[in-house]
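Here is the structure we will look at.
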Ligand code: XMP
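In structure tokens, the structure reads:
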């Protein structure tokens with residue numbers, strides 16, 4: 001379903017590609033609002049006026065089978081420019097009478113060079129002499145549908161970019177949304193501004209007042225409760241709602257004991273003293289630790305932490321009378337990913353517990369002011385709300401906290417050891433001006449002890465794993481390359497200062513195939 005308003009938008013129809021979100025990101029980065037829906041929601045669109053362009057994403061389906069994911073053909077009659085990407089291009093070709101074959105010979109995965117055959121508005125200023133694009137397909141269009149022309153090709157495939165000028169329909173076999181495609185955003189720029197002729201109107205900071213007004217209108221004199229973690233999302237939610245309804249917002253901070261060193265008290269102080277929020281701090285650390293005793297399975301840990309959090313939050317909130325709303329920091333990627341909303345086929349790798357859990361059990365209405373924003377858009381909002389830089393630009397931190405960074409059984413002693421190691425690591429990143437270059441960094445504690453020697457004494461202690469990744473949105477990531485000097489410094493500092501660790505290792509895996517967190 002589309003958000004109900006009259007904003008001009010580029011509509012993205014998601015056929016289940018892992019990178020569809022990046023299309024929306026690219027478009028919003030260009031100052032244009034975009035929304036994603038699934039094919040089954042196309043029939044619910046009421047107002048086509050506001051849709052200035054449509055993009056059909058990639059996806060795992062194949063038009064070579066009898067049954068494939070599709071959309072009503074009438075959408076092509078609306079005189080709205082359309083761009084198909086990968087599967088989107090194949091679907092266009094199929095619906096207009098072209099021929100698509102699944103072919104081992106024609107398949108292309110990874111980098112390819114694309115060659116220009118003809119000028120097109122879509123490819124203006126796009127081509128470089130060695131134009132690298134990123135491919136991920138086995139099916140290929142082998143016969144061009146009537147009315148279409150070839151704009152570009154690769155050595156494996158004759159039909160890499162196609163267009164139908166009369167119908168204003170375009171297709172690219174590669175993925176311009178991923179950074180491996182050089183100059184990929186030029187394709188979007190051309191589609192948006194030369195073909196769809198949409199104006200740059202999307203400015204996040206200017207949304208602040210609208211969001212505050214929307215909250216005021218919705219909540220009026222009722223009370224809102226909010227779980228504040230100190231992460232950027234819940235902080236921005238709390239500040240926005242506070243601006244709208246002041247003391248009628250009650251923020252609850254549940255200390256799971258699984259946060260980083262000093263983090264909880266620091267955040268509590270900031271919100272209480274600097275922003276004058278109505279914050280209640282609940283220390284539940286012993287309860288979490290005792291429930292997690294001898295739990296080794298990562299998914300079980302996540303479930304225990306998530307469920308206990310909900311229970312405690314629920315119990316505390318019942319102490320307040322007449323609460324009508326529950327505020328959540330749900331972001332646009334959460335909205336896209338929660339299957340009940342989109343029905344998309346992208347698979348879930350780990351159970352992220354911050355979406356959906358709370359409201360089901362509680363009889364409260366939801367208020368989610370960040371539903372339409374990506375993470376870095378939330379940061380821009382945070383800035384506009386004067387949120388402390390240390391919170392606004394803090395690396396992402398998972399809901400289950402250190403619980404999924406202490407591999408295997410969690411004990412109080414291990415939490416303390418890890419907090420110290422992590423504190424040193426993050427401090428050193430800051431001191432060496434590395435923190436902002438890295439998307440996410442943390443220390444983890446491995447479940448094994450190894451032998452070491454300190455002075456003349458044999459030690460038998462834990463191994464600390466350091467992880468630092470660069471990423472755009474956490475969906476894919478590369479490990480950060482530290483200098484030898486920094487590696488020496490950090491390993492030394494941790495081993496010398498943290499009792500309980502005698503070995504430091506650095507994780508050099510990327511995502512995929514690994515994930516960012518270890519559990
Ligand atoms: P993975 O490990 O799946 O992590 O590559 C991708 C990003 O998600 C964060 N993460 C979580 N965030 N609740 C959260 O709010 C969770 O349960 C959770 N698990 C992972 C992770 O830190 C990384 O930024």
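Residue numbers (our numbering): 1 to 519. Note that CB positions come from ideal geometry on N, CA and C, so glycine has one too.
The beta carbons of residue 442 and residue 405 sit about 6 Å from each other, so the pair counts as a contact at 8 Å. Taken in chain order, the complete alpha helix (DSSP H) segments of 4 or more residues contained in the segment 103–191 are 184–189.
For residue 72, same chain residues with a beta-carbon under 8 Å away, outside a window of 5 residues either side, are 42 and 43 in chain order. Counting along the chain, the unbroken beta strand (DSSP E) around residue 501 starts and ends at 501–506. Between the C-alpha atoms of residue 56 and residue 211 there is a straight-line separation of about 30 Å. Under the DSSP assignment, residue 87 falls in the alpha helix (DSSP H) whose first and last residues are 87–95. Using a Cβ-Cβ distance cut-off of 8 Å, the segment 151–170 and the segment 217–237 are not in contact, since fewer than three pairs of beta carbons, one from each stretch, lie closer than that value. Straight across, the Cα-Cα distance linking residue 209 with residue 381 is about 10 Å. Remark: the C-beta of residue 64 is outside contact range of the ligand XMP, defined as less than 6 Å to any heavy atom. Cα atoms of residue 25 and residue 189: separation of roughly 13 Å, rounded to the nearest angstrom.
Short note on residue 516: C-beta closer than 6 Å to some heavy atom of the ligand XMP. Not one heavy atom of the ligand XMP lies closer than 6 Å to the C-beta of residue 18. Excluding sequence positions up to five before and after residue 495, its CB lies within less than 7 Å of the CB of 501, 502 and 504, all in the same chain and listed in chain order. Between residue 446 and residue 463, the CB-CB gap stays under 7 Å.
Boundaries of the beta strand (DSSP E) around residue 440: 440–454. Per DSSP, residue 226 is one residue of the beta strand (DSSP E) stretching across 223–227. Taking a cut-off of 8 Å for Cβ pairs, the segment 273–285 and the segment 243–251 touch, as three or more such pairs fall below it.
Contact between residue 470 and residue 490 does not hold, since their C-beta atoms are separated by about 17 Å, which reaches or exceeds 8 Å.
Between residue 201 and the set 107, 27 and 328, the nearest pair of CA atoms involves 27.
DSSP places residue 44 outside any alpha helix (DSSP H), giving it a letter other than H or E. Secondary structure note for residue 479: its beta strand (DSSP E) is the uninterrupted segment 477–479. The DSSP-derived three-state label of residue 421 is helix. The C-beta separation of residue 63 from residue 100 comes to about 5 Å, placing the pair in contact by the 8 Å criterion. Bounds of the alpha helix (DSSP H) holding residue 267 are 263–269.
A distance criterion of 6 Å places the beta-carbon of residue 375 beyond contact range of the ligand XMP, judged by its closest non-hydrogen atom. Annotation for residue 461: the continuous beta strand (DSSP E) segment containing it runs 457–471. Residue pairing for residue 384: DSSP places it in no beta bridge. If you compare the alpha carbons of 103, 170 and 480 with that of residue 429, the shortest gap goes to 480. Here the distance from the Cβ of residue 207 to the nearest heavy atom of the ligand XMP is not below 6 Å. Residue 474 has its CB nearer than 6 Å to a heavy atom of the ligand XMP. Scanning its chain for C-beta atoms nearer than 6 Å, with the 5 sequence neighbours on each side dropped, one finds no residue around residue 287. Around the beta-carbon of residue 468, 16 or more other beta-carbon atoms lie within 10 Å, marking it buried. Comparing alpha carbon positions, the residue from 45, 234, 482 and 90 closest to residue 65 is 90. Of the candidates 369, 435 and 409, the residue whose Cα lies closest to the Cα of residue 389 is 435. Within the same chain, Cβ atoms closer than 8 Å to the Cβ of residue 476 are found at 510, 511 and 512, the five residues on either side in sequence being excluded. For the options 383, 399 and 120, the alpha carbon positioned closest to that of residue 230 is the one of 399.
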